[in-house]
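There are 2 protein chains.
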Amino acid sequence: MTDYPFGLLRGKRVLITGGLGFIGSNLARRLVHLGAEVLAVDSLIPEYGGNLFNIAGIEDRVTVNVSDVRDEYSLSHLVRERDYLFNLAGQTSHLDSMHDPFTDLEINCRAQLSILEVCRRCNPAVKIVFTSTRQVYGRPDYLPVDEQHLLRPVDVNGINKMAGEWYHILYNNVHGLRAAALRLTNTIGPRMRVKDARQTFLGVWIRDLLQGREVEVWGGDQLRDFNYVDDAVDALLLAALSDDASGRVFNLGGDSVISLKDLAALLVEIHGHGRIAVRDFPDERRRIDIGDYYADASLIGRVLGWAPRVPLREGLSRTLAFYRDHLQHYL
Amino acid sequence: MTDYPFGLLRGKRVLITGGLGFIGSNLARRLVHLGAEVLAVDSLIPEYGGNLFNIAGIEDRVTVNVSDVRDEYSLSHLVRERDYLFNLAGQTSHLDSMHDPFTDLEINCRAQLSILEVCRRCNPAVKIVFTSTRQVYGRPDYLPVDEQHLLRPVDVNGINKMAGEWYHILYNNVHGLRAAALRLTNTIGPRMRVKDARQTFLGVWIRDLLQGREVEVWGGDQLRDFNYVDDAVDALLLAALSDDASGRVFNLGGDSVISLKDLAALLVEIHGHGRIAVRDFPDERRRIDIGDYYADASLIGRVLGWAPRVPLREGLSRTLAFYRDHLQHYL
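Chains P and F supply the protein sequences, listed in that same order. If you read the first sequence in this note's numbering, its first letter stands for residue 11, the second for the next number, and so on. If you read the second sequence in this note's numbering, its first letter stands for residue 11, the second for the next number, and so on.
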């Protein structure tokens, strides 16, 4: 296993939108550890992933700015003199995007354009890494899904993330910014939202398991792949550091594929006890379900040398351990 | 040549957004001729395609409502009790979309979502046909481009049209509306904008030719296909009438392929005289140019029985004849 060249980030000035969220805060922690100067911007909207506890222990080494990516005045100040922008802020709930499509549009689509315009005006030298999602593919035609698969999103969130992703590529290609996009698959780990299923269903499973409630699995036969958050952070940093990433879109993907039923069983096994109930999909979820999905992540392997390093069982085990200690901060 | 079943449109109540524009007004004229009841909505924004002269001769058989598709209150009134909505209003200039990306977003992306929400609330039974564009494909990987080609738009307009198109498909699939989208290639004919290149470069060529100025060709080797507007109108009507079109996206395409240089020469030949100057692309246009493009339109042929019927030479000839008589109304 080769080492990633993350020592290069020492002393770099980094801005993370969504920096108090699940992935953003894990990224902030890593960057602080690497000696970077981190500014975390987060709206702390209660329905989203931001949580001040996510930076517990590094509070004095991260600058926090509470503001919304829809606020371009705030951003035009914050992006100045930054070497890297990790653009992670987003509305993540597929269901919320169907009930309130305009909010999803404002955050995942319009604000992305405005962030890029701000960078063009105020800091054209910044390198940008955007987190997109497997949701842009919709229901796969074939598996594993590679970057040549058509984009046919099945919910408003997927459409707006698709537009947000392409604004990044466009500003790279036409306006001379440097931007890369990663299409994340299901990401798990400490600091994910467990209060509800807005970010990931697995958070709710872990909460219910730890609280002695039944783990409720919808459907159950759907195949999925997972990345432990540290692996996703590796990919974000590699994309930031490599010129070969600019203007490109890469899938992330897990090292194995598992059905949701088997995943629930694995979680119960690791925890030592627990009950699982397999139920039919609620109707409004079934209508936007994508069936089986897992990614072909070989492109980012070839171009950036990334591969997931934390096996699923290990990732689940670390995640459970974290919430055993800290669940009260996430309820 | 089989006849299309357009007699079915007699007495139908039709709403056309962009109804005073190039394609919208040609569609309105056809529908009036077929005995439909036509409501044309248009913002008449000077930079866009709307022109009251476009309905000269049918003024008393079309209801005109001047309003903007960004105005959802107006639309929630206008969509009621309509059998068909031809959703044609859009910002069409690729270059303007790069200079003012937010206006393009508001019209081509946000307003589309709002039109669909309005239909869902106020008239879920309406059948919607949306005009998308070849621009969503970006620079082709292969030719002719079919609907399996990846969408990789190279300008803001292409990204927002892509989102607007997918909102239509989504609302069809999830919310039970019926909507189809057509990806138009270059469309030519009477009533196109000739004042500038915001809608099509060919309008400017025709204006310059008729005014005795040099026809300025940028690049010149790019291959393109063209549809005469009556053929595009046929496709819109077929998509409206067929249940097989719902939830689907179809390319339109011409019956032949021609380089821009040869097209200019053909135009001069039909006109009888004229001068052509081939020039390098202006820099800001080159950066968003898509190179060669022509469509594979066989899918809509198989599913809806559409084919272009007006050959390029004939279409150019009719278009020139129209502007010889009416140029003053378009300057």
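Even glycine gets a Cβ: it sits at the ideal position worked out from N, Cα and C. Note that this is a predicted model, so its numbers are computed, not measured.
Got a sec? Which residues, its chain only, sit under 8 Å from residue i by beta carbon, not counting five neighbours each side?
i	result
F/Val-42	Val-48, Ile-68, Arg-71, Val-72
F/Val-313	Ser-252, Asp-254, Ala-255, Arg-258, Phe-260
F/Phe-291	Trp-228, Gly-229, Asp-299
P/Ala-287	Glu-224, Val-225, Glu-226, Val-227
P/Leu-88	Leu-25, Leu-49, Val-51, Asn-75, Ser-77
P/Arg-289	Glu-226, Val-227, Trp-228
P/His-159	Tyr-147, Pro-150, Asp-151, Tyr-152
P/Val-128	Glu-82, Leu-85, Ser-86, Val-89
P/Gly-21	Gly-45, Ala-46, Glu-47
Where does the unbroken alpha helix (DSSP H) through residue i begin, and where does it stop?
i	result
P/Lys-137	Segment 137 to 143 is the beta strand (DSSP E) holding P/Lys-137; no alpha helix (DSSP H) there.
P/Val-42	32 to 43
P/Ile-65	P/Ile-65 -> no alpha helix (DSSP H), and no H or E assigned at all.
F/Thr-329	322 to 336
P/Gln-122	121 to 132
P/Gly-60	From DSSP, P/Gly-60 is part of no alpha helix (DSSP H); its letter is neither H nor E.
P/Tyr-83	82 to 88
P/Glu-294	293 to 296
F/Leu-219	211 to 220
P/His-109	104 to 109
Can you give the beta carbon distance from residue i to residue j, rounded, assuming they're within the 8 Å contact cut?
i	j	result
F/Pro-111	F/Leu-187	About 28 Å separates the two Cβ atoms, so there is no contact after all.
F/Asn-237	F/Pro-318	6 Å
P/Asp-306	P/Gly-263	6 Å
P/Phe-7	P/Leu-37	What is shown of chain P runs 11 to 341, which leaves residue 7 of chain P out entirely.
P/Tyr-340	P/Val-204	5 Å
P/Arg-92	P/Arg-162	So it is not a contact: roughly 35 Å between Cβ atoms.
P/Arg-217	P/Leu-337	7 Å
P/Tyr-14	P/Asp-244	6 Å
F/Ala-250	F/Tyr-83	F/Ala-250 to F/Tyr-83, Cβ: 26 Å. No contact.
F/Asp-235	F/Val-278	Contact doesn't hold; Cβ gap of about 20 Å is too wide.
Which residues in the same chain have their Cβ closer than 6 Å to the Cβ of residue i, if we skip the five residues on either side of it in sequence?
i	result
P/Ser-103	Arg-208
F/Val-214	Ala-207
F/Asn-170	Asp-114, Leu-115, Asn-118, Cys-119
F/Val-76	Leu-54
P/Gly-222	none
F/Ser-107	Asp-114, Asp-165, Val-166, Asn-167
P/Ile-310	Phe-260, Trp-316
P/Leu-19	Leu-44, Ala-46
So residue i is in the beta strand (DSSP E); what residue range does that whole segment cover?
i	result
F/Phe-260	259 to 261
F/Arg-188	188 to 194
F/Leu-25	23 to 27
F/Ala-287	286 to 289
P/Val-225	225 to 228
Based on the DSSP secondary-structure assignment, which residues constitute the bridge partners of residue i?
i	result
P/Val-72	P/Val-48
P/Asn-182	BP columns for P/Asn-182 are empty, so no partner.
P/Ile-268	P/Arg-234
F/Leu-95	F/Leu-25, F/Ile-138
F/Val-155	F/Ala-305
F/Thr-197	F/Asn-237
Once the 5 residues before and after residue i are set aside, which same chain residues still bring their CB inside 7 Å of it?
i	result
P/Leu-98	Ile-26, Thr-27, Gly-28, Gly-31, Ile-33, Gly-34, Thr-141
F/Leu-220	Tyr-333, Arg-334, Leu-337
F/Lys-271	Val-227, Gly-230, Asp-231, Val-288
P/Arg-130	Tyr-181, His-185, Leu-187
P/Asp-265	Pro-318, Pro-321
_Contact between the region 48 to 63 of chain P and the region 22 to 29 of chain P (3+ Cβ pairs under 8 Å)_ = yes
*Flag this pair as touching only if the region 278 to 285 of chain P and the region 138 to 155 of chain P have three or more C-beta atom pairs under 8 Å; answer yes or no.*
no
_Would you call the region 58 to 65 of chain F in contact with the region 318 to 335 of chain P, where contact means no fewer than 3 C-beta pairs closer than 8 Å?_
With a cut-off of 8 Å, the region 318 to 335 of chain P and the region 58 to 65 of chain F do not count as touching, because too few Cβ pairs lie within range.
_Does the contact criterion of 3 or more C-beta pairs under 8 Å hold for the region 119 to 136 of chain F versus the region 170 to 178 of chain F?_
Short answer: they touch.
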